[in-house]
Amino acid sequence: MPVFNSRKERYKSPFGAVPCGTEVRFFVEAEAEFTACVLRCYHEFADKWTETPLLPCPDGFGGVYTAPAEGELVWYTFSLTGKDGSSVYFGKNGCGGDDRTPWQLTVYEETYTPQWFGEGVTYQIFPDRFCRTAPPRVEGLLGERRAHMDWNEAPMIGADSETGRWNSDFFGGNLKGITAKLDYLASLHVKTLYLNPIFEAASNHRYDTADYCAIDPLLGTEEDFTELCREAGKRGIRVMLDGVFNHTGDDSRYFNRAGFYETVGAYQSPNSPYYPWYGFSQWPEEYDGWWGIKTLPAVNENNPQYREFIITGERSVIRRWLRLGASGWRLDVADELPDDFIVDIRRVMEEEKADAFLLGEVWEDGSNKIAYSKRRRYLLGRETHGLMNYPLRTATLRYLRGGRAEDFREAMETVRENYPKPAFYSGLNILGTHDTPRILTALGEDGVPSDKLERAAYRLSPERLELAMARLKMAALLLTVLLLCTCAVPGIGILALNETGLYRQSVEEAYLEYIRGHAQSYGDNILHHSLSQDLGGATPEMTEAFYGSFHYYGVFNWGKVGYTLRDESSQVIEYREMPGGEKAGAGAGGGSWCSVPSWQRTVFSGTACLFPRDRLGIKESRLP
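For the sequence shown, the residue numbers in the working numbering are 549 to 1172.
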């Protein structure tokens, strides 16, 4: 059976996604029954196949594949030829026909990714509920709003009994309130403020944008926003805005169903300049709504006038708010935005600010996401700099609710392997957002109702709440470990935890590696002393002065420990066996003790290695 592991450099190098034009080395370990091997690659976006013959070499076949000159998603398998001339295909699911499951190689364009997003904590703020400097005044504002004079009142659940509108109660959190808390946020090592929508809208969540060019009056003014960005900048904090560009509110200036604005909206007349933005099947009542929601009419992002207004125009929405102090944009429902729309946004952002950051909302592996029957290109170098790390959230919740560590490791390694390094280091790592059940509820594992009203009234039992709190502490510990390993949150994207062994190995594998490290050090000590004294004639005093003590701290206290020194011709130079129970080789300083089975020491050409005979099934070997 052929052997290939895309995550080990022996078989594929470099690891993971590669820049365009990179030479990638492949090696397939194969038995002598195979006489030829071909690397078969399907370039999905170019819709073409390539074949690269791999040359015979010791233990298998190896060769070099040159990655495409443009961003691409490459799917690859191997074709092996036997001595009898028959062929077999080899993929992730073993050998068989040409339907083998392929491995993925992400090929991306090397472009600039701002580093500031990965340098600290990102703090998400739902503006209405964060902090206010005065009670809200809703008179004369868009929509039928209700104000909470008491900050500690419970929010309204469901639709307003008088108006029938959802999400129409406001607590009055504002931009000045955020500015007042900047010192507190800085003390938490916050480096990015991610604000949910701040533009004028009828609802408290403001994902029904009414005017892209105006701050919602309850939140403050344009000057308040500029002041927030300026004061945040003094503390090393950047501000990221939420861009909702695939739908508007039905009460918006552009649709204007309620007639609140002086402009002629698409709902009011087919002659409106905004009419082409929307998809009417029968004007005015039949139109496309986002996910069928009539209060959120969907926008045609390919309309030239709309794209100019949002992106490309000299005074576009993207440009306007970057000029007023924002440092980045988060794209709401990036799945529902055309690729070239996102490309244009990033291009214009970089024209305005070279270090502006573009984050995409994607809930799955963004390297190979299919949305609306189309493979997406978020991470190939021209679209988003990073994505929201929902795979981390999914894997963490599954693991903490009783899942297997191996599944968590596999989920994280898949992201690490598939994501380009710049995007991998620039993910927004989350346990919950405004779109998910609260983390305590999710960790309580008590069955959250699907109905909105029932979910709003749902409460964990005391026992489940205690369980959820314990699991939340574990989740916090996990993210802290990630922080310590990467020195960045967010932007860690899980990072290079493979090198730390935190999830790369099973407990058994980690234990063996730990033992092997001790064994290697011990074996090297034996080798240095033996070669110097027995072969070189050095005195014990000279050897000790040069190499230190013969005894290695922290060697093995039970299990038979021994070594064999051999020359290049495999002739035994020295053999020594130390029975267990004697703490053989233990120095006076003590040390950390480990228990292992018997070991054999083998030396080739002056290079030493120590192996567990009965655990690994190896009698003799050598270091690479």
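For every residue, glycine included, the Cβ atom is placed at its ideal position computed from N, Cα and C. Keep in mind the model is a prediction, meaning the values are calculated, not measured.
Nearest to residue 684 by alpha carbon, out of 604, 647, 765 and 888? What you label residue 684 is simply residue 136 of the sequence shown in a count that begins at 1. Answer by Cα proximity: 765.
Could you pull out every unbroken alpha helix (DSSP H) segment of at least 4 residues lying fully inside the stretch 770–817, listed in chain order? The stretch 770–817 contains these whole alpha helix (DSSP H) runs: 770–782.
Residue from 569, 926, 608 and 561 whose Cα sits closest to the Cα of residue 584: On the sequence shown, residue 584 is found 36 positions in, with the first residue counted as 1. Here the closest residue by C-alpha is 608.
Measuring alpha carbon to alpha carbon, tell me which of 844, 831 and 790 ends up nearest residue 801. As a first step, residue 801 is located in the sequence shown; it is residue number 253 there, counting from the start. Scanning 844, 831 and 790 for the CA closest to the CA of residue 801 turns up 844.
Can you list, in chain order, the residues of its chain with a C-beta nearer than 7 angstroms to that of residue 555? Leave out the 5 residues immediately preceding and following it. For the purposes of this step, residue 555 is taken as the residue at position 7 of the sequence shown. So the qualifying residues of the chain are 563, 961 and 965.
Environment of residue 918 [buried if 16+ CB atoms lie within 10 Å]: Within the sequence shown, numbered from 1, the residue matching residue 918 stands at position 370. So residue 918 counts as exposed.
Please classify residue 966: does DSSP put it in a helix, a strand, or coil? Residue mapping note: residue 966 aligns to position 418 of the sequence shown, counting from 1. Residue state, collapsed to three classes: helix.
Where residue 569 and residue 587 are concerned, what is the direct C-alpha to C-alpha distance, given to the nearest angstrom? Counted from its first residue, the sequence shown places residue 569 at position 21. Counted from its first residue, the sequence shown places residue 587 at position 39. In this structure, the CA atom of residue 569 is about 17 angstroms from the CA atom of residue 587.
Got a sec, what are the start and stop residues for the alpha helix (DSSP H) residue 869 sits in? Residue 869 sits at position 321 when you count from the first residue of the sequence shown. That run of the alpha helix (DSSP H) goes 865–871.
Would you call the CB atoms of residue 992 and residue 1013 closer than 8 angstroms? Along the sequence shown, one-based indexing puts residue 992 at 444. Along the sequence shown, one-based indexing puts residue 1013 at 465. The answer is yes: Cβ separation under 8 angstroms.
In chain order, what residues of the same chain have a beta carbon less than 6 angstroms from the beta carbon of residue 695, not counting five sequence neighbours either side? Mapped onto the sequence shown, residue 695 falls at position 147. Taking residue 695 as the centre and dropping the five residues before and after it, the same chain places the C-beta of 684, 686 and 718 closer than 6 angstroms to its C-beta, in chain order.
So which of 665, 749, 572 and 922 has the shortest CA-CA distance to residue 970? Translated into the one-based positions of the sequence shown, residue 970 becomes position 422. Between residue 970 and the set 665, 749, 572 and 922, the nearest pair of CA atoms involves 665.
With H, G and I counted as helix, E and B as strand and the rest as coil, what does DSSP make of residue 930? Walking along the sequence shown from the start, residue 930 turns up at place 382. Correct three-state label for residue 930: coil.
Quick check on the burial criterion: 16 or more other C-beta atoms within 10 angstroms. Buried or exposed for residue 819? Counting from one through the sequence shown, the residue named residue 819 turns up at place 271. The residue in question, residue 819, is exposed, as its Cβ has fewer than 16 Cβ neighbours within 10 Å.
List the whole-angstrom C-beta distance separating residue 638 from residue 745, where the pair is believed to meet the contact cut-off of C-beta under 8 angstroms. Translated into the one-based positions of the sequence shown, residue 638 becomes position 90. Translated into the one-based positions of the sequence shown, residue 745 becomes position 197. With 8 angstroms as the limit, residue 638 and residue 745 do not qualify as a contact, their Cβ atoms being about 50 angstroms apart.
Beta-carbon spacing of residue 653, residue 748 below 8 angstroms: Taking the sequence shown and counting its residues from 1, one reaches residue 653 at position 105. Taking the sequence shown and counting its residues from 1, one reaches residue 748 at position 200. Residue 653 places its beta carbon 8 angstroms or farther from that of residue 748.
Using a threshold of 8 angstroms, state whether the C-beta atoms of residue 741 and residue 869 are closer than that. Along the sequence shown, read from residue 1 onward, the residue named residue 741 stands at position 193. Along the sequence shown, read from residue 1 onward, the residue named residue 869 stands at position 321. At the C-beta level, residue 741 and residue 869 stay beyond 8 angstroms of one another.
For residue 665, name the three-state secondary structure that DSSP assigns. Start at 1 with the first residue of the sequence shown, and residue 665 comes out as number 117. In this structure, DSSP gives residue 665 a helical state, which the three-state scheme calls helix.
Report the CB separation of residue 854 from residue 865 in whole angstroms; it is logged as a contact under 8 angstroms. What you label residue 854 is simply residue 306 of the sequence shown in a count that begins at 1. What you label residue 865 is simply residue 317 of the sequence shown in a count that begins at 1. In this structure, residue 854 and residue 865 do not form a Cβ contact; the two beta carbons are roughly 10 angstroms apart against a cut-off of 8 angstroms.
Range covered by the beta strand (DSSP E) that runs through residue 892: Counting from one through the sequence shown, the residue named residue 892 turns up at place 344. For residue 892, no beta strand (DSSP E) encloses it; the enclosing alpha helix (DSSP H) starts and ends at 887–900.
Collapsed DSSP secondary structure at residue 717 in the structure displayed: Translated into the one-based positions of the sequence shown, residue 717 becomes position 169. In the structure shown, residue 717 sits in a strand (DSSP, three-state: E or B).
Let me confirm a value: residue 640 is counted as buried when at least 16 other C-beta atoms fall within 10 Å, else exposed. Which label applies? Here residue 640 refers to the residue found at position 92 of the sequence shown. Burial call: exposed.
Residue 1192 and residue 900 closer than 8 angstroms at C-beta: Since the first residue shown for the chain is 549 and the last is 1172, residue 1192 is missing from the structure and cannot be characterised.
Where does residue 833 fall in DSSP's three states? Numbered from 1 along the sequence shown, position 285 holds the residue referred to as residue 833. Reduced to three states, the DSSP call for residue 833 is coil.
First through last residue of the alpha helix (DSSP H) which encompasses residue 760: Residue mapping note: residue 760 aligns to position 212 of the sequence shown, counting from 1. Boundaries around residue 760 are those of the beta strand (DSSP E), 757–763, since no alpha helix (DSSP H) includes it.
What do you reckon, are the CB atoms on residue 935 and residue 975 nearer than 8 angstroms? Along the sequence shown, one-based indexing puts residue 935 at 387. Along the sequence shown, one-based indexing puts residue 975 at 427. Here residue 935 is near residue 975, since their CB atoms are less than 8 angstroms apart.
Could you have a look at residue 1024 and say whether DSSP puts it in helix, strand or coil? Here residue 1024 is taken as the residue at index 476 of the sequence shown, counted from 1. DSSP places residue 1024 in the helix class (H, G or I) of the three-state scheme.
Top-ranked residue by Cα proximity to residue 668, from 739, 616, 605 and 1003: Mapped onto the sequence shown, residue 668 falls at position 120. Proximity to residue 668 across 739, 616, 605 and 1003 peaks at 739, based on C-alpha coordinates.
Can you tell me whether residue 813 is buried or exposed? The criterion is at least 16 other CB atoms within 10 Å of its CB, across all chains shown. Mapped onto the sequence shown, residue 813 falls at position 265. Buried, by the Cβ-count rule.
Name the residue from 907, 909 and 859 whose alpha carbon lies nearest to the alpha carbon of residue 889. As a first step, residue 889 must be located in the sequence shown, where it is residue number 341. Among 907, 909 and 859, the Cα nearest to that of residue 889 is on 859.
With distances taken Cα to Cα, identify the nearest neighbour of residue 581 among 671, 618, 656 and 634. Along the sequence shown, one-based indexing puts residue 581 at 33. Considering only alpha carbons, the answer is 634.
Compute the Euclidean distance between the alpha carbons of residue 943 and residue 957, then round it to the nearest angstrom. As a first step, residue 943 must be located in the sequence shown, where it is residue number 395. As a first step, residue 957 must be located in the sequence shown, where it is residue number 409. Rounded to whole angstroms, residue 943 to residue 957 spans 9 angstroms at the Cα level.
Spatially closest choice to residue 797 from 751, 767, 827 and 829, by CA coordinates: Translated into positions along the sequence shown, residue 797 becomes position 249. Of the candidates 751, 767, 827 and 829, the one whose C-alpha sits nearest the C-alpha of residue 797 is 751.
CB-CB under 7 angstroms to residue 925, same chain, minus the five flanking residues each way: which ones, in chain order? As a position in the sequence shown, residue 925 is number 377, starting the count at 1. So the qualifying residues of the chain are 619, 887 and 931.
Do you know whose CA, among 713, 650, 767 and 810, lies nearest residue 725's CA? For the purposes of this step, residue 725 is taken as the residue at position 177 of the sequence shown. Among 713, 650, 767 and 810, the Cα nearest to that of residue 725 belongs to 767.
Quick check on residue 1049: does DSSP put it in helix, strand or coil? Reading the sequence shown from its first residue, position 501 is the one you call residue 1049. The predicted model places residue 1049 with a pLDDT of 41, which falls under 50 and marks its position as unreliable, so this point remains unresolved.
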